[in-house]
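Some notes on the structure that comes next.
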Amino acid sequence: MADVSHRGDIAAHPDVSEMRDRHARVLRGQSVAMVDGPVFLTGLFCAISPWVVHFTASQSVLTTHNLIMGIAIALLGLGFTFAPARMLGLSWAMCAMGVWMIVSPWVVGQSPDRGVILTNVIIGALTLLLGLMCAGAAAKGGRRTTTT
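For the sequence shown, the residue numbers in this note's numbering are 60 to 207.
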């Protein structure tokens, strides 16, 4: 039987570079895992916001807009959950969606009231902030190199 009770430096292991590369592949995208829940919840609130804030009657086009944008943001959140390494490239798209949510009451809506503006600005700011956090994680993960 092999003696596996010794504790030593793993740097002398013959497969250390392969193990480091595999570890880096497994952890790639995991730094964005803390953001997937808030992204999903922001998208969910965006989708239901017309009914929560009660602007379904006065802003029918903006109601549809928020529903579609909310579903898209929530799907990004699910994507960050299930395939974080593949979804990091879409973090800049989420930033653009946040900016669009901020300006959408004036572009899509017809003379929006304070509640509609405030709701969309808060949702847009949260989406932009979360998108920047994801983009930062993607940039940090792109600079990561393995040393032997």
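C-beta atoms are modelled at their ideal positions from N, C-alpha and C, and glycine is treated no differently.
Every value quoted in this text rests on a predicted model; they were computed, and no experiment measured them.
Task: C-alpha gap between Gly168 and Met146, whole angstroms - done: 31 angstroms
TODO: Give the range of the alpha helix (DSSP H) segment to which Asp172 is assigned.
DONE: No alpha helix (DSSP H) contains Asp172, which DSSP labels as neither H nor E.
TODO: With DSSP as the reference, label Phe114 as helix, strand or coil.
DONE: Here Phe114 sits in coil by DSSP.
- [ ] Check whether the Cβ atoms of Gly157 and Thr186 lie closer than 8 angstroms to each other.
- [x] yes
Task: Given 8 angstroms, three or more beta-carbon pairs between the region 126–137 and the region 94–107 - done: yes
Task: Cα-Cα separation between Ile69 and Met78, rounded to whole angstroms - done: Taking C-alpha positions only, Ile69 is separated from Met78 by approximately 10 angstroms.
Task: Between the CA atoms of Asn125 and Gly195 - distance to the nearest angstrom - done: 26 angstroms
Open item on the list: If you measure between the beta carbons of Phe104 and Gly174, is that distance less than 8 angstroms?
Closed with: No; because the gap between Cβ atoms is not below 8 angstroms, this pair is not in contact.
Task: Reference Ala106; option with closest CA among Ala133, Asp80, Ala116 - done: Shortest Cα-Cα distance from Ala106 to any of Ala133, Asp80, Ala116 involves Ala133.
Open item on the list: Could you check whether Ser108 and Ile182 sit closer than 8 angstroms to each other, using their CB atoms as the reference points?
Closed with: Cβ atoms of Ile182 and Ser108: closer than 8 angstroms.
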